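Everything on this sheet refers to the single structure shown next.
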Amino acid sequence: MGWTASASHAESITDILARALSPRAPVSDRVIEEKRTRFRIGLEKHVKFQVFSLAGPNRVVVELPNIKLKLPAPIAGAPVGLVKTFRSGKSAPGQSRIVIEVTEPVVVDKASIERSADGQEHELALEIIPVSAPQKSAAKRNIPRPTYGLGASGLQPPLPAPAQRPSVMAAKSYKPVIVIDPGHGGQDSGAKKNGVVEKDVVLAFGKALRDKLEATGRYKVLMTRDRDVFIELSERVNYAERNKASLFMAIHADYARSKASGATVYSLRDSLANGLKRRTKRKVSSNVLTKSELATVKKA
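Residue numbers (our numbering): 4 to 303.
What follows is the structure in structure tokens.
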């Protein structure tokens, strides 16, 4: 496995005359062909892949499944063609990434899986060319637009990310806040049965729930307590309000003398929740609940 870079070779007088008398390619095309560098990667088997070029720093990135690879010998000293150096490693579970650092902005002119010279193995062959005048060269050869994946071919110029308004970026970065409140804690142990203490159970459950929610990437999850401490009930509620929580989850663990199991979920009924959304002006009402709301709570 390796790379090759176009270079001049000794020519006979006949070759020189034939080349001089033949139609000459435009200067931009000749420069591209002279710098064309082929980078070959040995593959364990025929697989799907993605390849694209990036700038700042200039590099070519190859994404592959996590399979056995054969890479060229490390570059020692001056670049080989357009290639300065390269590295490989795992980018995600079951995925590998090869990063090829190059001497200047480039595009991947061709990328395809081929049989090795002996026909026994597969090789991913990349042909890298300078970004200089790629659109003119592509137009003359009718090269299609990039197609990522198996058998990808055509020019793949680095595309800068479009600018976004701060308001749009803020909207995309917004995550609803969920506050998880493991009940009891510290000197308040909660319920006990068969050596199991409620404050420990709800704390362990709260941490597991937090990890599950955070793993989705959709929420910002906070906890009123993440260790064995006592927190006043009012401070738990204030904590949720200070952090503008969209959801407050108080976790408790009851027990019964029977063999009952499962979970009980308490939440406000829509009618009660709507009734609690009272707006106050100047002074906050001294009564937290009205008589009608108290009656609703008792019925619930």
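Even glycine gets a Cβ: it sits at the ideal position worked out from N, Cα and C.
A quick note: this is a predicted structure, and the numbers were derived from the prediction, not measured.
Enumerate in chain order the residues of its own chain whose CB-to-CB distance from residue i is below 6 Å, with the five nearest sequence positions on each side excluded.
i, result
"lysine 309", "Nothing can be reported for residue 309: it is not among the residues displayed for the chain, which extend from 4 to 303."
"tyrosine 242", "Thr227"
What three-state label does DSSP hand residue i in the structure shown?
i, result
"leucine 216", "helix"
"arginine 43", "strand"
"serine 261", "coil"
"valine 105", "strand"
"serine 170", "helix"
"serine 99", "strand"
"leucine 74", "coil"
"lysine 38", "helix"
"serine 94", "strand"
"leucine 153", "Confidence in leucine 153 is poor, its pLDDT being 30 and thus under 50, which makes the residue's placement too unreliable to answer from."
With DSSP as the reference, identify every bridge partner of residue i, one or two as the case may be.
i, result
"glutamine 53", "Glu66"
"serine 115", "Ala128"
"glycine 188", "Asp191"
"lysine 88", "Looking at the sequence shown, residue 88 is not lysine but threonine. In DSSP, threonine 88 forms a bridge with Glu104."
"alanine 253", "Asp184"
"proline 133", "Val109"
Write down the C-beta distance between residue i and residue j rounded to the nearest angstrom, noting that I regard them as a contact closer than 8 Å.
i, j, result
"isoleucine 132", "lysine 38", "7 Å"
"isoleucine 44", "lysine 73", "7 Å"
"isoleucine 254", "valine 224", "So it is not a contact: roughly 13 Å between Cβ atoms."
"glutamine 98", "proline 68", "7 Å"
Considering only residues of the same chain and omitting the five flanking positions on each side of residue i, which have a CB-CB separation below 7 Å?
i, result
"leucine 212", "Ile183"
"phenylalanine 42", "Trp6, Val86, Ile103, Leu129, Ile131"
"tyrosine 222", "Lys178, Pro179, Ile181, Leu216"
Can you list, in chain order, the residues of its chain with a C-beta nearer than 8 Å to that of residue i? Leave out the 5 residues immediately preceding and following it.
i, result
"isoleucine 70", "Leu46, Glu47, Lys48, Val50, Ser99"
"lysine 247", "Val180"
"arginine 118", "Glu124, His125, Glu126"
"phenylalanine 208", "Pro185, Ile254, Ala256"
"serine 91", "Leu72, Leu74, Ser99, Arg100, Ile101, Val102"
"arginine 62", "Ser56, Val102, Ile103, Glu104, Val105"
Taking 6 Å as the cut-off, is the CB of residue i close to at least one heavy atom of the ligand NAD?
i, result
"proline 68", "Among the components modelled here there is no ligand, and therefore nothing to report on the ligand NAD."
> Taking only runs of the beta strand (DSSP E) that begin and end inside the region 198-249, which ones reach a length of at least 3 residues, in chain order?
Replying inline: Listed in chain order, the complete beta strand (DSSP E) runs (minimum 3 residues) inside the region 198-249 are 223-226.
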